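Each residue of the sequence shown is one higher than the one before, starting from 108 at the first, in the numbering used here.
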Amino acid sequence: DDLFMARRIAQECADELQSLIHKRYKLRRSVLITSNRIIADRDAYLGDTALATTILDRLMHHSVLAEFQGRSYRLRQAAGRLAKDPDND
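Next up, the structure:
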């Protein structure tokens, strides 16, 4: 999850990702990806617009996209714990 949040991945890794996605696409195999990033940010973490477009094209063609909005479950749970016992850090 969020492999690309901290920094842009190396070109070699992006190429490997594209190769993997392409092979899975040709074989009609499943790929599950979770992220906190929006799809529009693809160039920021893949670095190459053409490569990012190729990857997304194959991922999105036969995909089911589930988008969730709202607060993080982790933050909500932490806030709930603090509300129950504010002295327990």
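The C-beta atom is built at its ideal place from N, Cα and C for all residues, glycine as well. From a predicted model like this one, the values you see are computed outputs, not experimental measurements.
Legend entry - Simplified DSSP assignment, three categories, for R188: In the three-state reduction of the DSSP assignment, R188 falls in the helix class, which pools H, G and I.
Legend entry - I162, buried or exposed, once every other Cβ within 10 Å from all chains shown has been counted against 16: Flag for I162 reads buried.
Inset, instruction - In angstroms with no decimal places, state the Cα-to-Cα distance between N143 and A190. - result: Using only the alpha carbons, I get a separation of about 26 angstroms.
Inset, instruction - Taking only the alpha-carbon atoms, compute the straight-line gap between L182 and L134 and give it to the nearest angstrom. - result: Cα to Cα, the separation comes out at about 39 angstroms.
Legend entry - Residue span of the alpha helix (DSSP H) that contains T161, given as start and end: For T161, the uninterrupted alpha helix (DSSP H) run begins and ends at 156-168, by DSSP.
Inset, instruction - From the DSSP output, in three-state form, read off Q176 for me. - result: Here Q176 sits in coil by DSSP.
Legend entry - Per-residue burial, L139 [other beta carbons within 10 Å of its own, 16 or more giving buried]: The C-beta of L139 has fewer than 16 other C-beta atoms within 10 Å across all chains shown, which makes the residue exposed.
Legend entry - Backbone secondary structure at S142 - three-state DSSP: Assignment of S142 by DSSP, reduced to helix, strand and coil, places it in the coil class.
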